[in-house]
Structures are given as structure tokens and as C-alpha cells.
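Inspection log for the structure reproduced underneath, given as C-alpha cells.
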Amino acid sequence: ILRWWYNSETNHCETFIYTGCGHNANYFTSEEACLRACGQYRNSDVCTMKMDRGHCELGIAKWYYDINAGQCHMFIYTGCGGNGNRFSSKAECEHLCTTEIQFYSNNDEKDICQLDRQSGPCDDPVTQWYFDSHMSQCMPFTYGGCRGNGNRFNSQKLCEQRCLQKIGIEVITNERTEGKFLNK
239 ILRWWYNSET
249 NHCETFIYTG
259 CGHNANYFTS
269 EEACLRACGQ
279 YRNSDVCTMK
289 MDRGHCELGI
299 AKWYYDINAG
309 QCHMFIYTGC
319 GGNGNRFSSK
329 AECEHLCTTE
339 IQFYSNNDEK
349 DICQLDRQSG
359 PCDDPVTQWY
369 FDSHMSQCMP
379 FTYGGCRGNG
389 NRFNSQKLCE
399 QRCLQKIGIE
409 VITNERTEGK
419 FLNK
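Each residue of the sequence shown is one higher than the one before, starting from 239 at the first, in this note's numbering.
Set out below in C-alpha cells:
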């Protein structure tokens with residue numbers, strides 16, 4: 239089975255043949271999932287990006303999240319270029335975008351940052367982030383690809399923006415202190 243992994247020496251997502259027996263968190267079912275978790279879209283909110291077909295000549299069916307419509311749509315990807323709002327399946331798009339956008343934008347819900355991590359029952363692993371309320375920090379985990387709960391984010395940055403500010407830790411975003419946190 240063809241799968242993807244992130245090579246930190248080359249800073250690229252690369253393919254490998256998966257034999258079906260065990261794997262670690264550096265295992266992705268698509269290049270897009272690898273790029274979102276480790277590559278150039280790692281700290282990006284890909285679900286809010288506009289659809290981008292790319293600039294080559296191929297015609298590959300992919301999915302993107304339309305934030306205005308609040309749903310995933312199919313489009314034809316040209317094979318190169320484009321952005322992180324590109325998914326291999328409608329299910330992958332919906333699992334990564336619809337739940338997070340819904341919870342991220344609704345201030346009336348139960349505080350999702352206090353929910354326990356839930357991988358869900360499916361076996362289509364993708365690396366996501368959750369807020370560990372006991373450690374007061376965002377941690378990576380392997381999401382199974384369906385169900386779970388709203389304490390699941392596409393990136394560490396989104397998790398920190400949503401959950402650290404709720405507990406009184408300010409996320410500092412200027413160049414000199416990027417990634418630092420200050421108690422309020």
C-alpha cells in the first residue's frame with residue numbers, strides 16, 4: 239500500500255510501501271495529509287484557504303472546503319501548485335474542516351478544550367492536535383479519520399489560539415517572541 243512520510247532531512251513528504259503491520263505518527267494516507275501535518279501547511283488553517291486548482295496539466299479529482307458554503311466540494315486539481323485546502327476524499331475534508339470550523343467559530347458550545355482526546359473508531363490515521371487540559375498545552379495525536387470530538391485541530395497554532403487564550407495564557411505572535419506564551 240502506497241503511503242507518505244515526512245523526511246525532516248529533505249523537508250519533503252515522500253512515499254513508501256506500507257506492508258500493513260504497525261506504524262508510527264509519521265505515516266500519512268496522502269501527500270496532502272503529510273503536508274498539512276508536517277510540511278509547508280503545518281501551521282496554516284487550510285480550511286479557510288480559497289480553492290486553488292494549481293498550474294499543471296493533469297486532471298485529478300480532489301476535494302476542498304468552501305468556508306462560505308460550510309461544506310466540502312469536489313474540484314479538478316492540475317497536479318502541482320495549489321494550496322493546503324486539497325483533500326483526497328470528501329470524508330477527509332469533512333473530518334478535518336467541518337467539525338473544527340463549527341467548534342472554532344461557536345462560542346456557546348461546551349468548552350472543547352476541556353474534552354478528552356478522542357481518536358475515533360476509524361482506521362484512516364492523520365496527525366492532529368488536541369489540548370491536554372492537565373498539562374495546559376497542545377499535543378499531537380493520531381486521529382483515526384472519523385467521529386472523535388471538537389478537541390481536534392489541524393495545527394498546533396490553531397489549538398493554541400483556541401485553547402491557551404481561554405485559560406489565561408496569551409499567544410504572542412510578533413517576530414521576536416514567535417511561539418512564546420505569557421501568563422496574563
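Positions of the beta carbon are idealized from the N, C-alpha and C atoms, including for glycine. Quick caveat: nothing in here was measured; it's all calculated off a predicted structure.
Buried or exposed by the 16-neighbour rule on C-beta atoms within 10 Å, applied to residue i
{"i": "E270", "result": "buried"}
{"i": "D283", "result": "buried"}
{"i": "F396", "result": "One point to set straight first is that residue 396 is Leu, not Phe, in the sequence displayed. Its Cβ being crowded by 16 or more others within 10 Å, L396 is buried."}
{"i": "N306", "result": "exposed"}
{"i": "M373", "result": "exposed"}
Close beta carbons around residue i, own chain, < 6 Å, minus the five adjacent residues each side
{"i": "Y279", "result": "L273 and G322"}
Inter-residue CB distance, residue i and residue j (contact presumed, cutoff 8 Å)
{"i": "A263", "j": "P378", "result": "7 Å"}
Helix, strand or coil at residue i [DSSP, three-state]
{"i": "L334", "result": "helix"}
{"i": "K288", "result": "coil"}
{"i": "E252", "result": "strand"}
{"i": "Q278", "result": "coil"}
Cβ pair residue i, residue j closer than 8 Å
{"i": "T257", "j": "L240", "result": "no"}
{"i": "P363", "j": "G388", "result": "no"}
{"i": "G292", "j": "G320", "result": "yes"}
{"i": "Y303", "j": "C335", "result": "yes"}
{"i": "M289", "j": "F325", "result": "no"}
{"i": "S393", "j": "W367", "result": "yes"}
Distance cut-off 7 Å: residue i Cβ against heavy atoms of the ligand COA
{"i": "M377", "result": "In the structure on display, the ligand COA does not appear, and there are no ligands present to speak of."}
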